[in-house]
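Residue numbers (this note's numbering): 7 to 129.
Cβ atoms here follow ideal geometry from the backbone N, Cα and C, with glycine treated the same way.
Note that the coordinates shown come from a computational prediction; the quantities given were computed from them, not determined experimentally.
Okay, so here's the structure we're looking at.
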Amino acid sequence: MYNRLTSLLLAILLFASAPAGAEGPKPAFLQPDVLKAALAINLTDEQKPVFRDAITAFAQSRIDALGKLMRGNQRTGIDRRWKSKTRAILKEMDDTLRPVLTEDQWPAYEDYREALKANLRGL
Numbered sequence: 007m008y009n010r011l012t013s014l015l016l017a018i019l020l021f022a023s024a025p026a027g028a029e030g031p032k033p034a035f036l037q038p039d040v041l042k043a044a045l046a047i048n049l050t051d052e053q054k055p056v057f058r059d060a061i062t063a064f065a066q067s068r069i070d071a072l073g074k075l076m077r078g079n080q081r082t083g084i085d086r087r088w089k090s091k092t093r094a095i096l097k098e099m100d101d102t103l104r105p106v107l108t109e110d111q112w113p114a115y116e117d118y119r120e121a122l123k124a125n126l127r128g129l
């Protein structure tokens with residue numbers, strides 16, 4: 007329970023908007039090119055909740071991984087481990103969505119994933 011609450015608070019801090027009237031950086035999955043790529047997948051109504059859940063799981067897993075890295079004793083190689091873990095989490099998202107998306111949708115999803123990856127900090 008405590009771990010979930012800590013993760014939720016960390017997520018809120020990471021994804022919180024700037025004060026009203028101020029423009030701040032948006033999370034990678036809210037960048038215009040990433041949103042445009044998501045729309046290009048042309049998800050059906052049945053696919054949309056699965057896609058949304060996969061993106062939520064991706065964001066939560068990345069937050070959890072960051073917390074674990076920060077709590078760890080090793081202070082060297084954090085960048086390398088962070089990139090490796092993010093690639094593994096992206097692969098998990100691929101594995102979740104592969105059975106859901108059609109063969110025609112897969113190239114558009116790959117474009118989405120590349121746009122998302124390009125907008126992630128530290129990757």
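Report buried or exposed for residue i, applying the criterion of at least 16 other Cβ atoms within 10 angstroms of its Cβ.
{"i": "threonine 108", "result": "exposed"}
{"i": "alanine 121", "result": "buried"}
{"i": "glycine 27", "result": "Legend: pLDDT at glycine 27 = 46, less than 50; position of this residue unreliable, value from coordinates given subsequently. The residue in question, glycine 27, is exposed, as its Cβ has fewer than 16 Cβ neighbours within 10 Å."}
{"i": "arginine 86", "result": "exposed"}
{"i": "leucine 36", "result": "exposed"}
On the premise that residue j lies in contact with residue i, defined as a C-beta separation below 8 Å, what is that separation, rounded to the nearest angstrom?
{"i": "isoleucine 47", "j": "alanine 124", "result": "The pair is not a contact, with the Cβ atoms about 17 Å apart (cut-off 8 Å)."}
| query | Per the contact definition of three or more C-beta pairs closer than 8 Å, is the region 91-102 in contact with the region 39-55? | reply | With the cut-off at 8 Å, the region 39-55 and the region 91-102 do not touch.
Report task. Report yes or no: do the region 53-72 and the region 97-105 share at least 3 C-beta pairs separated by less than 8 Å? Result -> yes
Whole alpha helix (DSSP H) runs in the region 48-109 with 4 or more residues, listed along the chain?
53-77, 84-103
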